[in-house]
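K.L.:
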Amino acid sequence: MSLDINTKKAKKNAWRITKERGIGASRIRVPGGYCDAEVLGMVQEIAQTYGNGYVHLTTRQGFEIEGIHLEDMEEVNKKLQPIIEKVGINQNGEDKDKGYSASGTRNVSACIGNNVCPFANYNTSNLARRIDKEIFPNDLHFKVACTGCSNDCAKVRMHDFGIIGQTMPQYDPMRCVSCNACVKGCQSLSVGALRLENYKIVRDTEKCIGCGVCVTKCPTRAWTRSEKKYYKLTIMGRTGKKNPRLGKDWLIWADEDNIVKIIKNTYAFVEEYISPNAPARKEHIGYIIDRVGFEKFKEYALKDVELMPETIMNNTVYWDGIHFDNQH
Amino acid sequence: MGYKFSKEEMASIFSKLAEDYDVFAPVVKKGDGTFSDVDVVRYDKVSSLDEIEFEKKSDYSFKEALLPINETIFYFTEDETTVPKGPAKERLVFLRACDLNAVKRLDQIYLKNGFEDFYYKRTREMTKFVLMGCKESCTSGFCVSMGTNTTDEYDLYLKLDGDNAYVEAKDEKLAEAFKSGNEEAVSPDFVSENPTKVTLPKNITPETMKSELFKEYGNRCINCGRCNFVCPTCTCFTMQDIFYKDNEKNGERRRVWASCQVDGYTEIAGGHGFRSDNADRMRFKVMHKIHDFEKRFGYHMCVGCGRCDDVCPEYISYSNLVNRLGKECE
Ligand code: HEM
Ligand code: HEM
Ligand code: SF4
Ligand code: SF4
Ligand code: SF4
Ligand code: SF4
Ligand code: SF4
Numbered sequence: 001m002s003l004d005i006n007t008k009k010a011k012k013n014a015w016r017i018t019k020e021r022g023i024g025a026s027r028i029r030v031p032g033g034y035c036d037a038e039v040l041g042m043v044q045e046i047a048q049t050y051g052n053g054y055v056h057l058t059t060r061q062g063f064e065i066e067g068i069h070l071e072d073m074e075e076v077n078k079k080l081q082p083i084i085e086k087v088g089i090n091q092n093g094e095d096k097d098k099g100y101s102a103s104g105t106r107n108v109s110a111c112i113g114n115n116v117c118p119f120a121n122y123n124t125s126n127l128a129r130r131i132d133k134e135i136f137p138n139d140l141h142f143k144v145a146c147t148g149c150s151n152d153c154a155k156v157r158m159h160d161f162g163i164i165g166q167t168m169p170q171y172d173p174m175r176c177v178s179c180n181a182c183v184k185g186c187q188s189l190s191v192g193a194l195r196l197e198n199y200k201i202v203r204d205t206e207k208c209i210g211c212g213v214c215v216t217k218c219p220t221r222a223w224t225r226s227e228k229k230y231y232k233l234t235i236m237g238r239t240g241k242k243n244p245r246l247g248k249d250w251l252i253w254a255d256e257d258n259i260v261k262i263i264k265n266t267y268a269f270v271e272e273y274i275s276p277n278a279p280a281r282k283e284h285i286g287y288i289i290d291r292v293g294f295e296k297f298k299e300y301a302l303k304d305v306e307l308m309p310e311t312i313m314n315n316t317v318y319w320d321g322i323h324f325d326n327q328h
Numbered sequence: 329m330g331y332k333f334s335k336e337e338m339a340s341i342f343s344k345l346a347e348d349y350d351v352f353a354p355v356v357k358k359g360d361g362t363f364s365d366v367d368v369v370r371y372d373k374v375s376s377l378d379e380i381e382f383e384k385k386s387d388y389s390f391k392e393a394l395l396p397i398n399e400t401i402f403y404f405t406e407d408e409t410t411v412p413k414g415p416a417k418e419r420l421v422f423l424r425a426c427d428l429n430a431v432k433r434l435d436q437i438y439l440k441n442g443f444e445d446f447y448y449k450r451t452r453e454m455t456k457f458v459l460m461g462c463k464e465s466c467t468s469g470f471c472v473s474m475g476t477n478t479t480d481e482y483d484l485y486l487k488l489d490g491d492n493a494y495v496e497a498k499d500e501k502l503a504e505a506f507k508s509g510n511e512e513a514v515s516p517d518f519v520s521e522n523p524t525k526v527t528l529p530k531n532i533t534p535e536t537m538k539s540e541l542f543k544e545y546g547n548r549c550i551n552c553g554r555c556n557f558v559c560p561t562c563t564c565f566t567m568q569d570i571f572y573k574d575n576e577k578n579g580e581r582r583r584v585w586a587s588c589q590v591d592g593y594t595e596i597a598g599g600h601g602f603r604s605d606n607a608d609r610m611r612f613k614v615m616h617k618i619h620d621f622e623k624r625f626g627y628h629m630c631v632g633c634g635r636c637d638d639v640c641p642e643y644i645s646y647s648n649l650v651n652r653l654g655k656e657c658e
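Each protein sequence line maps, in turn, to chains A and B. Quick note: the first sequence uses the numbering used here, first residue 1, plus one each step. Quick note: the second sequence uses the numbering used here, first residue 329, plus one each step.
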């Protein structure tokens, strides 16, 4: 009997229809890349029972279990249920035992963050999971990623929304022994925002990117992190066939709540202005902004957003990148 | 004399005491550690009992309560100098057995080393010590090996145990505050064994100074100075003259903690430095702790608190270095 499968539905159920007829792949996104090791055993079981024994670790921090016969989709979906619960995928109630709906909005990925990394300025997985809860599931094509510090190991500048952890370094001159470790650290690893004046440190606040290197270098706790956690929000990075571009800084020293709001608000912007010709309702948000203007985007994105006084907002953002779309 | 109180009674006595004294004690500084969302335990002025961290050994020692990291020695104008006033209030410093033994080392350097240091002396004379016992040994400390696990030099012993509090007041003036309690024999908790044990080298000779160990560890050291800054017995400082920016004829002279591991320590006029090699610095530090000081004063400088091992970002274990050196010298 020939297979009779609604591929559109399957795709929106986190299945890939592969190049090999009759064979699919089950995609399991892991929000923030943070995963109870027990899940690995479950993935292994599915891969060895239903798949070809191989799993691809996806670029957006998921598992793609290869080589599954499409007839087994329903059964595999049942097997996915404990995994979905363990990794914290925001599943619709009626989807229980039926996989999860997925399309458009991509897994929120994260670098390892301050669970482990000495440079990280916040818990990236937790923020990724929080955003996951707010924006999933959704058809519109959004890519969001969280990275712990300006090293940007998560490559958030290739995302529509890139969240970079910052700390506002706090200096206690009476604990400083003028050892210069912070000055050297900022110079060699970061932007060179520090100098010694009268045996005490002067921080060039215009230059400082809030990476926190000075804090990790200081042997006396003269530098400490700010109690508040700060984030830089970079916007509209992407790669692809038309106009790959790096995300640009929009907000600096911003807070978590407003960033989450802005991302959610942007869905309304895209709903309103997405091209009617966009294939499968997928149009890069950056291209929409190119078309309708940055001011329009701001109008939507900043709805009900009250930025903290210390947050710096770049009033206009321009992107460059490579243009394949209008080259002759 | 020992007394027993409920914890609440003790808390209220303490709050009153904190009005008469400046109290310095280990406190948990939330998020102030080296890395994000990591706490640090260090000394600060406290006004209530519940601010004090009794369990975890402080990451930085009590030393800064007696020897500020930055201390202004005098202010100068064109033709005058002014010495800042000393502490206005008497102070209580909470510390453990190893640390109270370290006070003896600080006294040795600042009071009994040829002349009395004016600044140290005036603070020291205003200071009384409150011993916090150790019910269990910390993991990195080796106070037993150094003979610093006990002390009777405290003015007050204070112990919290569940809902009760116990004190032993040796200082008569302090004892006044506790007369309301039920009399009960109280003796401090001291440990008699540590998981870390150190055997000091017995016959240190000029050959010992050439040990490859200093090279090995020196090569791993990044000269950050943490081991010295957390140490309760390091006493080195440097001088800084600050000329105020608005009027460079006025300024102040400060003394500021220094570390023999950090660049600049042996630098003199003309840019000459005498211990630029890391192996030399490592040797100098270790020998100061377990040899040079002892040669001069008859007992070792190091009190085995283990803080230097805990803090080193390069996982250099001074205690293990000393043990290995001990084996080499057998
Ligand atoms: C036999 C003659 C001299 C002896 C024995 C001598 C000895 C010293 C010593 C032991 C120090 C302290 C080094 C240290 O920081 O540990 C010192 C510092 C110094 N000496 Fe001399 N000195 C002599 C001559 C001079 C002369 C002729 C001058 C100036 C022309 C001079 C200028 C200085 C200065 C400016 C410092 C401070 C250096 C610093 O803190 O970096 N000294 N001297
Ligand atoms: C070639 C000759 C000399 C060399 C290579 C030399 C080297 C040194 C070095 C390396 C130190 C620092 C020691 C340390 O940091 O532990 C020092 C300190 C000192 N030297 Fe010399 N020295 C020499 C000659 C002299 C002479 C001739 C005098 C006095 C007449 C002198 C007096 C002192 C004093 C007083 C200190 C202690 C300075 C302080 O406490 O900061 N030195 N010397
Ligand atoms: S936080 Fe600022 S001052 Fe500190 S190292 Fe980074 S850029 Fe330099
Ligand atoms: S690292 Fe810390 S102690 Fe050293 S100069 Fe910088 S602030 Fe001062
Ligand atoms: S050398 Fe290390 S173990 Fe010894 S007193 Fe200093 S910090 Fe403590
Ligand atoms: S010389 Fe080094 S080890 Fe000795 S007291 Fe000074 S800083 Fe500490
Ligand atoms: S803490 Fe470690 S790395 Fe830093 S100076 Fe001391 S031994 Fe060297």
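Each residue gets a CB set at the ideal place from its N, CA and C atoms; glycine is no exception.
What does DSSP give as the partner residue(s) for Arg-203/A in the beta ladder?
P.N.:
Leu-194/A
K.L.:
Ser-188/A versus chain B: which residues are under 9 Å apart at the beta carbon?
P.N.:
Neighbours of Ser-188/A in chain B, taken as residues at a C-beta separation under 9 Å, are lacking, since the least C-beta distance is about 12 Å.
K.L.:
Scan the stretch 433-489 of chain B and note each continuous alpha helix (DSSP H) run of 4 residues or more that stays entirely inside, going in chain order.
P.N.:
446-452 and 471-474
K.L.:
Where does Phe-621/B sit, in a helix, a strand or coil, going by DSSP?
P.N.:
helix
K.L.:
By the three-class DSSP mapping on this structure, what secondary structure does Tyr-50/A have?
P.N.:
coil
K.L.:
Output needed for Ser-291/B: all residues of its chain with C-beta closer than 8 Å, excluding positions within five of it in sequence on either side, in chain order.
P.N.:
The requested residue 291/B is not part of the displayed model; chain B covers only 329 to 658.
K.L.:
Tell me Tyr-646/B's beta-bridge partners as DSSP assigns them.
P.N.:
Answer is none; Tyr-646/B lacks a bridge partner.
K.L.:
Taking C-alpha atoms, which residue in Glu-45/A, Ser-2/A and His-69/A lies nearest to Lys-19/A?
P.N.:
His-69/A
K.L.:
For Ile-644/B, count neighbouring C-beta atoms within 10 Å of its own C-beta (all shown protein chains included) and say buried if the count is 16 or more, exposed if not.
P.N.:
Buried: at least 16 other Cβ atoms inside 10 Å.
K.L.:
Consider the Cβ of Met-313/A: report whether some Cβ of chain B lies at a distance smaller than 8 Å.
P.N.:
no
K.L.:
Rounded to a whole number of angstroms, what is the C-alpha to C-alpha distance between Glu-197/A and Cys-153/A?
P.N.:
34 Å
K.L.:
For the alpha helix (DSSP H) that contains Ala-503/B, what are its first and last residues?
P.N.:
500-504
K.L.:
Classify Thr-239/A as helix, strand or coil using the three-state DSSP reduction.
P.N.:
coil
K.L.:
Does the stretch 211-227 of chain A come close enough to the stretch 268-277 of chain A that 3 or more CB-CB pairs lie under 8 Å?
P.N.:
no
K.L.:
Apply the 10 Å Cβ neighbour rule to Glu-392/B and answer buried if 16 or more other Cβ atoms are within range, or exposed otherwise.
P.N.:
buried
K.L.:
Considering only the alpha carbon of each residue, which of Lys-358/B, Val-584/B and Ala-607/B lies closest to Asn-547/B?
P.N.:
Ala-607/B
K.L.:
Note down, in chain order, every chain A residue with its Cβ under 8 Å from the Cβ of Asp-360/B.
P.N.:
Within chain A, the residues whose beta carbon sits less than 8 Å from that of Asp-360/B are Arg-221, Thr-224 and Arg-225, listed in sequence order.
K.L.:
Tell me, please, which residues DSSP counts as bridged to Gly-24/A.
P.N.:
Ile-17/A and Ile-68/A
K.L.:
Should Gln-91/A be labelled buried (16 or more other beta-carbon atoms within 10 Å of its own) or exposed?
P.N.:
buried
K.L.:
Which ranges does the beta strand (DSSP E) cover as unbroken runs of at least 3 residues, wholly within the stretch 513-566 of chain B, from first to last along the chain?
P.N.:
none
K.L.:
Return the residues of the stretch 188-212 of chain A that lie within a Cβ-Cβ distance of less than 9 Å from chain B, sorted by chain order.
P.N.:
Glu-197, Asn-198, Tyr-199, Lys-200 and Gly-212
K.L.:
Would Asp-605/B be called buried (16 or more neighbouring beta carbons within 10 Å of its own) or exposed?
P.N.:
exposed
K.L.:
When you compare the CB of Val-421/B with every CB in chain A, is at least one pair closer than 8 Å?
P.N.:
no
K.L.:
Is any heavy atom of ligand 7 found at a distance shorter than 7 Å from the C-beta of Ile-618/B?
P.N.:
Answer for Ile-618/B: no, Cβ out of range of ligand 7.
K.L.:
Roughly how many angstroms lie between the CA atoms of Tyr-54/A and Ile-46/A, to the nearest whole one?
P.N.:
Cα to Cα, Tyr-54/A sits roughly 10 Å from Ile-46/A.
K.L.:
Name the residues in the stretch 113-130 of chain A whose C-beta lies less than 8 Å from a C-beta of chain B; which are they?
P.N.:
Asn-114, Pro-118, Ala-120, Asn-121, Tyr-122 and Asn-123
K.L.:
Please give the ranges of any alpha helix (DSSP H) in the stretch 329-363 of chain B, keeping only runs that are unbroken, at least 4 residues long and fully inside the region.
P.N.:
335-348
K.L.:
Got a sec, what are the start and stop residues for the alpha helix (DSSP H) Val-87/A sits in?
P.N.:
73-87
K.L.:
Compute the minimum distance between the beta carbon of Pro-169/A and the heavy atoms of ligand 3, and state whether it is under 7 Å.
P.N.:
yes
K.L.:
For Asn-315/A, count neighbouring Cβ atoms within 10 angstroms of its own Cβ and tell me buried if that reaches 16, exposed if not.
P.N.:
exposed
K.L.:
If you draw a straight line from the alpha carbon of Val-650/B to that of Lys-617/B, how long is it in whole angstroms?
P.N.:
The alpha-carbon separation between Val-650/B and Lys-617/B amounts to approximately 10 Å.
K.L.:
Nearest to Asn-138/A by alpha carbon, out of Gly-104/A, Ile-163/A and Ala-128/A?
P.N.:
Gly-104/A
K.L.:
So, Gly-469/B versus Cys-633/B, is the Cβ gap smaller than 8 Å?
P.N.:
Result yes, Cβ atoms of Gly-469/B and Cys-633/B sit closer than 8 Å.
K.L.:
What residues in the stretch 362-380 of chain B bring their beta carbon closer than 7 Å to a beta carbon of chain A?
P.N.:
Thr-362, Phe-363, Ser-364, Asp-365, Val-368 and Arg-370
K.L.:
Hey, how far is the Cα of Gly-24/A from the Cα of Gly-32/A?
P.N.:
25 Å
K.L.:
Whose CB is closer than 6 Å to a heavy atom of ligand 5? List the residues in chain order.
P.N.:
Val-558/B, Cys-559/B, Pro-560/B, Thr-561/B, Lys-617/B, Cys-630/B, Val-631/B, Gly-632/B, Cys-633/B, Gly-634/B, Arg-635/B, Cys-636/B and Tyr-646/B
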